[in-house]
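Note sheet for the following structure.
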Amino acid sequence: KKQGMHPFGFLSRFADLNAGNREWARRWLEYTKAIEGKRRLFWSHGLKQRACIDELTDEELAAKQDDEAVIVYEMVDSEWKKARHNVPKVLDAAEDDENLREVIEEIEELDFYTAEPEAVETRTEGISFKVIQDIADEFREELKRA
8 KKQGMHPFGF LSRFADLNAG NREWARRWLE YTKAIEGKRR LFWSHGLKQR ACIDELTDEE
68 LAAKQDDEAV IVYEMVDSEW KKARHNVPKV LDAAEDDENL REVIEEIEEL DFYTAEPEAV
128 ETRTEGISFK VIQDIADEFR EELKRA
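Sequential numbering of the sequence shown, starting at 8, is according to the working numbering.
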């Protein structure tokens, strides 16, 4: 039997090395490129039927209108560059504040590079995805220079 590693174990190993171990950074980037566009969810035989989940084609799903989206505010690139690091906070602001101006001001005030760590990082099982993203970005830049 082949020895392997679960993706989150792999990511954890990469994050544990935190100093930016280049070999694990290279492997992580290779993994993310390899799985891009690949199917990651497999249903057990009969599970969809037991869970009453309809089998719909992509076209049927696209035509189906379950929820109606309400555009609260359209961001320009500079606002998105700030907001994308903490989407939950932006969505909360859009849902909770009835005054659109307050939502816009909330977005404009976001400074994710100097904010408190808990406002910047999304954590899952102790892994800081912000740190991993920073290491991966740094590694990509290093690869470009090489």
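Don't be surprised by glycine CBs; every beta carbon is placed ideally from N, CA and C.
What's the gap between the Cα of L98 and the Cα of I60? Translated into the one-based positions of the sequence shown, residue 98 becomes position 91. Translated into the one-based positions of the sequence shown, residue 60 becomes position 53. CA-CA distance, L98 to I60, rounds to 28 Å.
Buried or exposed: A90, going by 16 or more other Cβ atoms within 10 Å of its Cβ? As a working mapping, residue 90 is identified with position 83 in the sequence shown. A90 is classed as buried because its beta carbon has at least 16 other beta carbons within 10 Å across all chains shown.
Rounded distance between the beta-carbons of R47 and W31, thought under 8 Å: Working through the sequence shown from its first residue, we reach residue 31 at position 24. Working through the sequence shown from its first residue, we reach residue 47 at position 40. R47 and W31 do not touch by the CB rule: their CB atoms are close to 21 Å apart, not below 8 Å.
Tell me whether W50 is buried or exposed, calling it buried when 16 or more other Cβ atoms sit within 10 Å of its Cβ. For the purposes of this step, residue 50 is identified with residue 43 of the sequence shown, where counting begins at 1. Classification of W50: exposed, given that the 10 Å Cβ count is below 16.
Measuring alpha carbon to alpha carbon, tell me which of D65, P14, K71, L36 ends up nearest D144. Your numbering for residue 144 matches position 137 in the sequence shown. Nearest option by C-alpha distance: L36.
I need the straight-line Cα distance from A41 to L150, nearest angstrom please. Along the sequence shown, one-based indexing puts residue 41 at 34. Along the sequence shown, one-based indexing puts residue 150 at 143. Taking the straight line from one Cα to the other gives about 18 Å.
Would K71 and E62 qualify as a contact pair, given that the criterion is a beta-carbon distance under 8 Å? For the purposes of this step, residue 71 is identified with residue 64 of the sequence shown, where counting begins at 1. For the purposes of this step, residue 62 is identified with residue 55 of the sequence shown, where counting begins at 1. No, the Cβ-Cβ distance between K71 and E62 is not below 8 Å.
Measuring only the C-alpha atoms, how far is I78 from G44? Taking the sequence shown and counting its residues from 1, one reaches residue 78 at position 71. Taking the sequence shown and counting its residues from 1, one reaches residue 44 at position 37. Spanning the alpha carbons of I78 and G44 requires a straight line of approximately 28 Å.
Contact belief for Y38 with F17 at Cβ below 8 Å, rounded distance in angstroms: The residue given as residue 38 occupies position 31 in the sequence shown. The residue given as residue 17 occupies position 10 in the sequence shown. About 7 Å; that satisfies the 8 Å criterion.
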